[in-house]
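Chains A and B are the protein sequences, given in the same order. If you read the first sequence in our numbering, its first letter stands for residue 61, the second for the next number, and so on. If you read the second sequence in our numbering, its first letter stands for residue 287, the second for the next number, and so on.
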Amino acid sequence: MEPFIKHTGMVAPVDRVNVDTDQMVPKQFLKFLTREGYGRVLFYDWRYLPGEKPNPEFVLNQPRYKGASVCLARANFGCGSSREHAPWAILDYGFHAILAPSYADIFYNNCFKNGILPVTLSNEQIDELFARTAKNEGYRVTVDLEKQVVTDDMGLNYSFEVDPFRRDCLLKGLDDIGLTLVHEPKISAFEEKNLKHPMMYDAVDVKHHSNKPHEAQHN
Amino acid sequence: MAGRTLYDKIWEAHIVREEPGQPTLIYIDRHLIHEGTSPQAFSGLRTAGRKVRRPELTFAVMDHSVSTKDRLLPVVDADARGQFEALERNCAESGVHLFDMHSKNQGIVHIIGPELGITQPGQTIVCGDSHTSTHGAFGALAFGIGTSEIEHVLATQCLTQFGSKTMKVDFQGKRPRGVTAKDMILAVIGKIGIAGGNGYVFEYTGEAVRGLSMEGRMTMCNMSIEGGARAGMVAPDETTYAYLEGRPFVPRGKDFEAAVNQWKTLPTDADAKYDTTLTIHAHELAPMVTWGTNPGMVTQVSERVPDPTSFSDPVDREAASRALVYMDLKPGTLIEDIPLDRVFIGSCTNARLEDLRLAAKVVAGKHVSKSLKQALVVPGSRVVKAEAEAEGLDRIFRDAGFEWRDAGCSMCIGMNDDVLLSGERSASTSNRNFEGRQGKGSRTHLVSPMMAAAAAIEGHFVDIRKWSAAEGAE
Numbered sequence: 061m062e063p064f065i066k067h068t069g070m071v072a073p074v075d076r077v078n079v080d081t082d083q084m085v086p087k088q089f090l091k092f093l094t095r096e097g098y099g100r101v102l103f104y105d106w107r108y109l110p111g112e113k114p115n116p117e118f119v120l121n122q123p124r125y126k127g128a129s130v131c132l133a134r135a136n137f138g139c140g141s142s143r144e145h146a147p148w149a150i151l152d153y154g155f156h157a158i159l160a161p162s163y164a165d166i167f168y169n170n171c172f173k174n175g176i177l178p179v180t181l182s183n184e185q186i187d188e189l190f191a192r193t194a195k196n197e198g199y200r201v202t203v204d205l206e207k208q209v210v211t212d213d214m215g216l217n218y219s220f221e222v223d224p225f226r227r228d229c230l231l232k233g234l235d236d237i238g239l240t241l242v243h244e245p246k247i248s249a250f251e252e253k254n255l256k257h258p259m260m261y262d263a264v265d266v267k268h269h270s271n272k273p274h275e276a277q278h279n
Numbered sequence: 287m288a289g290r291t292l293y294d295k296i297w298e299a300h301i302v303r304e305e306p307g308q309p310t311l312i313y314i315d316r317h318l319i320h321e322g323t324s325p326q327a328f329s330g331l332r333t334a335g336r337k338v339r340r341p342e343l344t345f346a347v348m349d350h351s352v353s354t355k356d357r358l359l360p361v362v363d364a365d366a367r368g369q370f371e372a373l374e375r376n377c378a379e380s381g382v383h384l385f386d387m388h389s390k391n392q393g394i395v396h397i398i399g400p401e402l403g404i405t406q407p408g409q410t411i412v413c414g415d416s417h418t419s420t421h422g423a424f425g426a427l428a429f430g431i432g433t434s435e436i437e438h439v440l441a442t443q444c445l446t447q448f449g450s451k452t453m454k455v456d457f458q459g460k461r462p463r464g465v466t467a468k469d470m471i472l473a474v475i476g477k478i479g480i481a482g483g484n485g486y487v488f489e490y491t492g493e494a495v496r497g498l499s500m501e502g503r504m505t506m507c508n509m510s511i512e513g514g515a516r517a518g519m520v521a522p523d524e525t526t527y528a529y530l531e532g533r534p535f536v537p538r539g540k541d542f543e544a545a546v547n548q549w550k551t552l553p554t555d556a557d558a559k560y561d562t563t564l565t566i567h568a569h570e571l572a573p574m575v576t577w578g579t580n581p582g583m584v585t586q587v588s589e590r591v592p593d594p595t596s597f598s599d600p601v602d603r604e605a606a607s608r609a610l611v612y613m614d615l616k617p618g619t620l621i622e623d624i625p626l627d628r629v630f631i632g633s634c635t636n637a638r639l640e641d642l643r644l645a646a647k648v649v650a651g652k653h654v655s656k657s658l659k660q661a662l663v664v665p666g667s668r669v670v671k672a673e674a675e676a677e678g679l680d681r682i683f684r685d686a687g688f689e690w691r692d693a694g695c696s697m698c699i700g701m702n703d704d705v706l707l708s709g710e711r712s713a714s715t716s717n718r719n720f721e722g723r724q725g726k727g728s729r730t731h732l733v734s735p736m737m738a739a740a741a742a743i744e745g746h747f748v749d750i751r752k753w754s755a756a757e758g759a760e
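Rendered as structure tokens:
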């Protein structure tokens, strides 16, 4: 994972509450086997008209937001499905940080796993950022994870809270699994103590996990 | 020692490592995977040169993209085929159990886990799917995770997690006739909103919850995530043990007795404290219908589509206006006057045997309205399908004009070819009415199986309480 230390970039506003992950990446794009390439389909149904023509009504299609890398959003951003395709698409589109008053739990967690910083600010601060974004074409902010502040060049300075462990992982771009594997002896000790009786019987009648008829297997 | 909640007990029993100021490393007892969110986790393992630590604790099934028509036909959707082949390959290489699309035990992951007895009280259960909360019905701590976390569980059988707050959702009194677990949970979400449970684990308690079957409890827990809670739970009791006894992966004989004795220690202590409590008077509940584009936009069937100007919060007002435009509904329209194009009875929320029985009772001897384009029954698993067929439910549905399909997620998410066309309106027993959920431009109204069945007969919503076939009273 790429570390996130500090990022400066243009802000693009997605002015809706409760944006669910079905909107970020609709179901038809959940069939790919990779983590890459979802930027093209981010907000697909809002972003494109039939024939994949950009919908001029949708905010990210406005020329003034081309190249934006900070997503300004509303409450409960990322609710619904656990699909990590949503943060993959956010990142692949070019967003490195999100500013919102609140996030849905699973999405919030998934962002940190992908080097995206979801910043939580108050409703009033988010309102102010929407106003500044609308008023100033090319409006940019700096999101500084080390100092835990969001700033602009017009004097805005908002500090934010983030869990210290998550902050540390992002700053260093740490691999979660690697961190856990350091505790391998503790995992083994837990298993030794608790898994002697796994309370699980592998039943005979479900041993054959496929009941595909013979002739069909040659298709 | 202060009393502990069901949640506290399970959490504490699974701590592998705990350090102040850091998330806790917890052990995962059961890991469920499907073709939709797991391929990238296995590729990640491969890239890092890691192995699946405990393959016997992971169970895989094909459900999201499977056809519900003839499964012996070749899979024409190349992307879906790629997912199935990847899952087969990943399971074969790692030694993970796979119930493939031809298995007689195949079905929606949250239906087959409990049905096979893989899901048990006191366990930690995760799956790359937000409706993993379903398994909490057994008194397990079960929640959805992303693909990075799937990879983490595969590699370590653990997860780093922050603890949750607990919310007691207490249903006092009995539920009235025609009111099901689906209506109970929709009422909760309507009350607290879809973010109301963020940061919480719900524990459902009270007489109306105790009176629910395991199927009903699963329906409630299933939609906890729609209220923002990552998990929902019901303490295990005799109903739970009776459901589990004899299921394939459940201990037997003396081992079962020992297990039950251990499960009996799980319920929340009398002196335990929850972070917050929500009280609901079950006798005030009614059949619910969603009118908007999230499950919190819901009202009683006897009500009208709300006027956005009636919302005091400007944010709610704007969201409601936008939702009504998307749903093509006018404020003040009676819910019962909303005409439908398709009806879907299925999904991990409402496709268990009890759901199909309740719906079948409503449609028996009647016929689907001519105004409908399609009425679909998709059993949640092949076991449910076989049991329903043994009771003749398939015949009742078919005679009434419903299509009777093979098991899978189907029209809840529309990853196969069971979709709504743009602008079409459904009554659906699934869990999400988001924009485009059942197909681009689809308009979804969430309801209980009885309500969906009655709506199919009439071509519009009807108040199931007016029908003699309505069940639900205790």
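Yeah, the Cβ is synthetic: ideal placement off N, Cα and C, and Gly gets one too.
Contacts with chain A (Cβ-Cβ distance below 7 Å) from the region 717 to 737 of chain B involve Arg718, Phe720, Glu721, Gly722, Arg723, Lys726, listed in chain order.
Nearest to Asn78(A) by alpha-carbon distance, out of Leu358(B), Gly582(B), Ala346(B), Ala423(B), is Gly582(B). Put simply, of Ser329(B), Asp561(B), Ile312(B), Phe747(B) the residue whose alpha carbon is nearest the alpha carbon of Thr94(A) is Ser329(B). Among the CB atoms of chain A, none fall inside 8 Å of the CB of Arg751(B). Per DSSP, Glu489(B) is one residue of the beta strand (DSSP E) stretching across 486 to 491. In this structure the region 686 to 706 of chain B does not touch the region 539 to 553 of chain B; the number of beta carbon pairs closer than 8 Å is below three. Burial is judged here by how many other beta carbons sit within 10 angstroms of a residue's own beta carbon; Phe448(B) has fewer than 16 and is exposed. Collapsing the DSSP output to three states places Cys377(B) in a helix. For Leu427(B), the pairing in a beta bridge is given by DSSP as Thr410(B). DSSP, reduced to helix, strand and coil, places Glu197(A) outside both helices and strands of the structure shown, so it counts as coil.
The three-state reading of DSSP puts Ile471(B) in helix, counting H, G and I together. Taking 8 Å as the cut-off, the Cβ atoms of Val210(A) and Tyr218(A) count as close. Taking all protein chains in view, the Cβ of Pro407(B) is crowded by 16 or more other Cβ atoms within 10 Å, so the residue is classified as buried. In the DSSP annotation of this structure, Asn636(B) is not part of any beta strand (DSSP E), being labelled neither H nor E. DSSP links Glu689(B) through a beta bridge to Leu662(B).
DSSP links Thr68(A) through a beta bridge to Thr202(A).
Contact between the region 68 to 78 of chain A and the region 110 to 125 of chain A is present: 3 or more CB-CB pairs across the two stretches fall below 8 Å. Taking 8 Å as the CB threshold, Ala686(B) stays off the interface with chain A. In this structure, the beta-carbon distance from Ile394(B) to Ser667(B) falls below 8 Å.
Nearest CB-CB separation between Met701(B) and chain A: below the 8 Å threshold.
In this structure, the beta-carbon distance from His300(B) to Thr420(B) does not fall below 8 Å.
In this structure, Leu90(A) lies away from His156(A), with their beta-carbon atoms at least 8 Å apart. In the structure shown, the three-state DSSP call for Tyr98(A) is coil. Within a 10 Å sphere around the beta-carbon of Asp349(B) sit 16 or more other beta-carbons, which makes this residue buried.
Of the other Cβ atoms in all chains shown, 16 or more fall within 10 Å of the Cβ of Val520(B); this residue is therefore buried. Between Ala515(B) and Lys460(B), the C-beta gap is not smaller than 8 Å, which leaves the two residues out of contact.
Contact check between the region 155 to 173 of chain A and the region 479 to 499 of chain B: three or more CB pairs, one atom from each, fall below 8 Å, which counts as touching.
Nearest neighbour of Met736(B) by Cα position, chosen from Ala646(B), Thr505(B), Gly694(B), Met697(B), turns out to be Ala646(B). For the 8 Å CB-CB criterion, Ala674(B) and Leu639(B) form a contact. Closest in C-alpha terms to Trp753(B), from the list Leu662(B), Thr323(B), Val649(B), comes Val649(B).
In this structure, Leu472(B) and Ala327(B) do not form a Cβ contact; the two beta carbons are roughly 33 Å apart against a cut-off of 8 Å. Against Asp365(B), the close residues of chain A are Lys91, Phe92, in the order they occur along the chain (beta-carbon pairs closer than 7 Å). In the structure shown, Phe542(B) falls within a helical segment according to DSSP collapsed to helix, strand and coil. In the DSSP assignment, Ala556(B) falls outside any beta strand (DSSP E), carrying neither H nor E. For Leu109(A), no Cβ of chain B is located within less than 8 Å of the residue's own Cβ. Residue-level contact by beta carbon holds for Lys173(A) and chain B, with a gap shorter than 8 Å.
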